[in-house]
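Take the sequence shown: its position 18, counting from 1, is numbered 18 in the working numbering, and each next residue is one higher. Take a look at the structure set out below.
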Amino acid sequence: MNRETHNKELQELFKGEKLNFSYSKGIPSETLINVKRELSRLELGHCFSLGLTKIKKSGEGLSLTFIPSKVSINSIYQNLENN
(Lines of atoms letter the chains of each structure in order from A and count residues from 1; the text may use other names and numbers.)
(Lines give C-alpha, C1' and ligand atoms only; values in the text may rest on other atoms or scores of the structure.)
Protein backbone atom coordinates (compact mmCIF):
# COMPACT_ATOMS: atom_id res chain seq x y z
CA MET A 1 0.00 0.00 0.00
CA ASN A 2 1.42 3.40 -0.89
CA ARG A 3 1.85 6.07 1.77
CA GLU A 4 -1.02 8.32 0.60
CA THR A 5 -3.56 5.49 0.66
CA HIS A 6 -2.22 4.26 4.00
CA ASN A 7 -2.53 7.74 5.54
CA LYS A 8 -6.07 8.06 4.16
CA GLU A 9 -7.05 4.73 5.77
CA LEU A 10 -5.59 5.88 9.11
CA GLN A 11 -7.43 9.21 8.91
CA GLU A 12 -10.71 7.41 8.20
CA LEU A 13 -10.12 5.09 11.16
CA PHE A 14 -9.35 7.96 13.55
CA LYS A 15 -11.98 10.49 12.38
CA GLY A 16 -12.10 13.60 14.54
CA GLU A 17 -8.64 12.86 15.93
CA LYS A 18 -5.75 15.20 15.07
CA LEU A 19 -3.04 12.85 13.83
CA ASN A 20 0.62 13.80 13.78
CA PHE A 21 2.39 11.80 11.08
CA SER A 22 6.15 11.29 11.03
CA TYR A 23 8.13 8.95 8.83
CA SER A 24 11.39 7.02 9.08
CA LYS A 25 13.73 6.86 6.13
CA GLY A 26 14.81 3.31 6.84
CA ILE A 27 13.85 0.29 4.84
CA PRO A 28 11.09 -0.63 5.35
CA SER A 29 9.68 2.84 5.78
CA GLU A 30 7.69 3.32 9.01
CA THR A 31 4.78 5.64 9.70
CA LEU A 32 4.41 6.92 13.26
CA ILE A 33 1.25 8.56 14.61
CA ASN A 34 0.14 9.80 18.00
CA VAL A 35 -3.42 9.18 19.16
CA LYS A 36 -4.63 10.97 22.29
CA ARG A 37 -7.02 8.28 23.50
CA GLU A 38 -7.31 4.54 24.11
CA LEU A 39 -8.31 2.21 21.27
CA SER A 40 -11.26 -0.17 21.14
CA ARG A 41 -10.69 -3.83 20.24
CA LEU A 42 -12.13 -3.26 16.78
CA GLU A 43 -9.87 -0.25 16.17
CA LEU A 44 -6.88 -2.22 17.41
CA GLY A 45 -7.70 -5.09 15.05
CA HIS A 46 -8.00 -2.68 12.15
CA CYS A 47 -4.65 -1.13 13.13
CA PHE A 48 -3.01 -4.57 12.90
CA SER A 49 -4.54 -5.06 9.44
CA LEU A 50 -2.99 -1.68 8.49
CA GLY A 51 0.49 -2.91 9.40
CA LEU A 52 0.74 -1.94 13.09
CA THR A 53 4.10 -3.11 14.45
CA LYS A 54 4.54 -1.21 17.71
CA ILE A 55 2.37 0.43 20.39
CA LYS A 56 3.90 2.67 23.01
CA LYS A 57 2.03 4.41 25.82
CA SER A 58 2.79 8.13 25.61
CA GLY A 59 1.87 10.95 27.98
CA GLU A 60 -1.58 11.74 26.57
CA GLY A 61 -2.36 8.55 24.69
CA LEU A 62 -0.63 6.12 22.36
CA SER A 63 2.22 6.25 19.89
CA LEU A 64 1.60 3.80 17.04
CA THR A 65 4.14 2.58 14.49
CA PHE A 66 3.02 1.15 11.14
CA ILE A 67 4.90 -0.45 8.26
CA PRO A 68 2.72 0.07 5.16
CA SER A 69 4.33 -2.88 3.35
CA LYS A 70 2.81 -5.23 5.99
CA VAL A 71 -0.78 -4.16 5.27
CA SER A 72 -3.32 -6.97 4.91
CA ILE A 73 -6.74 -5.31 4.97
CA ASN A 74 -9.36 -7.76 6.10
CA SER A 75 -12.89 -7.28 4.75
CA ILE A 76 -14.28 -7.31 8.32
CA TYR A 77 -12.74 -3.85 8.85
CA GLN A 78 -13.87 -2.28 5.57
CA ASN A 79 -16.95 -0.55 7.04
CA LEU A 80 -16.69 -0.10 10.80
CA GLU A 81 -19.67 2.28 10.98
CA ASN A 82 -22.25 -0.40 10.15
CA ASN A 83 -21.69 -2.25 13.44
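Positions of the beta carbon are idealized from the N, C-alpha and C atoms, including for glycine.
Residue burial classification, Thr31 (beta-carbon count within 10 angstroms, cutoff 16) | Counted from its first residue, the sequence shown places residue 31 at position 31. So Thr31 ends up on the buried side.
Looking at the unbroken alpha helix (DSSP H) that takes in Leu32, where does it start and where does it end?
-> Residue 32 sits at position 32 when you count from the first residue of the sequence shown. Premise fails: Leu32 lies in the beta strand (DSSP E), Thr31 to Val35, not in any alpha helix (DSSP H).
Among Lys57, Asn7, Lys56 and Leu62, nearest to Val35 - alpha-carbon criterion | Numbered from its first residue, the sequence shown carries residue 35 at position 35. Nearest C-alpha to Val35: Leu62.
Is the distance from the Cβ of Phe66 to the Cβ of Leu44 below 8 angstroms?
-> In the sequence shown, the residue the question calls residue 66 occupies position 66. In the sequence shown, the residue the question calls residue 44 occupies position 44. Phe66 is not a Cβ neighbour of Leu44, given a cutoff of 8 angstroms.
Sort out for me which residues DSSP pairs Leu5 with in a bridge.
-> In the sequence shown, residue 5 corresponds to position 5, counting from 1. Correcting the residue identity first, residue 5 is Thr in this sequence and not Leu. In DSSP, Thr5 forms no bridge with anything.
Endpoints, beta strand (DSSP E) assigned at Ser63 = For this step, residue 63 is matched to residue 63 along the sequence shown. In the DSSP assignment, Ser63 falls within the beta strand (DSSP E) that extends over Leu62 to Phe66.
Proximity winner among Ser40, Lys56, Glu60 and Gly59, relative to Leu13 (alpha-carbon distances) = Reading the sequence shown from its first residue, position 13 is the one you call residue 13. Nearest C-alpha to Leu13: Ser40.
Can you list, in chain order, the residues of its chain whose CB lies under 7 angstroms from that of Ser58, leaving out five sequence neighbours each side?
-> Looking up residue 58 in the sequence shown gives position 58. In its chain, beyond the 5 residues on either side, Asn34 have a beta carbon closer than 7 angstroms to the beta carbon of Ser58.
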